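Residue numbers (my numbering): 210 to 493.
Quick look at the structure:
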């Protein structure tokens with residue numbers, strides 16, 4: 210599952226191996242993968258453009274080009290990007306191929322077919338993808354317990370729902386939200402606004418621990434070079450319904466909160482606060 214650690218690792222690999230090189234051409238094998246412009250215009254806009262940088266915003270990979278355009282890639286759930294020799298075999302799930310100078314190509318694949326790309330003037334692309342509406346980045350130095358407290362203060366929805374709201378916190382996904390709440394010892398059904406300062410500090414620490422662990426193990430998917438990351442997709446509670454909690458051996462609980470599968474330990478994350486409130490809207 211492509212969450213912040215997996216996307217961040219790919220971005221770092223792109224900085225190492227792709228930035229500074231030109232995109233000779235793009236081939237769209239699945240037209241639905243191109244959000245905008247039209248696939249023919251997408252191909253034309255990329256031809257001959259040099260990749261000048263690479264960074265991540267939430268779970269978007271953003272590649273500024275030398276003509277004031279930016280290429281955006283979003284893996285959705287199971288997308289993958291691999292750097293291979295040009296002309297390599299293309300898996301059936303290949304959506305878009307970017308031919309690079311240096312006789313290599315980037316293959317964007319997704320077995321579910323949900324991964325998406327877009328290209329546009331940087332300001333236009335940012336507006337169309339609503340990047341300005343995203344909340345603070347959990348990996349930024351400026352993300353402090355005080356910032357998190359401010360983001361949660363008036364939220365009358367369950368913690369799990371609020372943590373997945375990209376306007377509150379950019380990029381935290383389903384797996385890492387569950388794991389962060391387990392680290393913090395907080396019930397995912399708690400109303401976000403009910404947390405004390407000490408609980409917010411625990412949650413902040415839990416988020417950083419989970420994300421930094423994922424980064425140190427290079428995520429749970431393959432990196433840009435095809436090397437498998439060492440992080441486990443199912444870690445302490447996520448996806449482990451009924452299995453023993455690593456701390457106390459209580460069977461892991463499961464519930465859908467705001468339409469998302471949620472996992473927690475009823476002993477380590479004791480129930481408090483009000484019942485589930487309506488889900489808030491979120492961005493991809």
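Every residue, glycine too, gets a C-beta built ideally from N, C-alpha and C. Quick caveat: nothing in here was measured; it's all calculated off a predicted structure.
Under the three-state reduction of DSSP output, residue 470 falls in the strand class. Annotation for residue 465: no residue places its beta carbon closer than 6 Å to its own, counting only its chain and skipping 5 residues before and after. Within the same chain, Cβ atoms closer than 6 Å to the Cβ of residue 413 are found at 354 and 357, the five residues on either side in sequence being excluded. In this structure residue 235 touches residue 306 by the C-beta definition: roughly 7 Å separates them, less than 8 Å. In terms of Cα proximity to residue 397, the closest of 481, 311, 219 and 243 is 481.
For residue 346, there is no enclosing beta strand (DSSP E), as DSSP gives it neither H nor E.
In the three-state reduction of the DSSP assignment, residue 251 falls in the helix class.
Residue 363 is positioned such that its CB atom lies closer than 8 Å to that of residue 402. DSSP places residue 293 inside the beta strand (DSSP E), whose first and last residues are 289-294. In this structure, DSSP gives residue 327 an extended state, which the three-state scheme calls strand. Apart from sequence neighbours up to five positions away, the residues of its chain that approach residue 383 with a beta-carbon distance below 6 Å are 469, ordered along the chain. In the DSSP assignment, residue 266 falls within the unbroken beta strand (DSSP E) covering 264-266.
With fewer than 16 other Cβ atoms inside 10 Å of its own Cβ, residue 405 counts as exposed. In this structure, residue 243 sits near residue 251, with a CB-CB distance shorter than 8 Å. Judged by DSSP secondary structure, residue 422 falls within the alpha helix (DSSP H) whose first and last residues are 406-425. Nearest neighbour of residue 324 by Cα position, chosen from 390, 284 and 367, turns out to be 284. Taking 8 Å as the cut-off, the Cβ atoms of residue 278 and residue 429 do not count as close.
For residue 257, the closest C-alpha among the options 276, 264 and 270 is that of 276. For residue 393, the enclosing alpha helix (DSSP H) starts and ends at 383-393. Assigned with DSSP and collapsed to three states, residue 230 falls in coil, not helix or strand.
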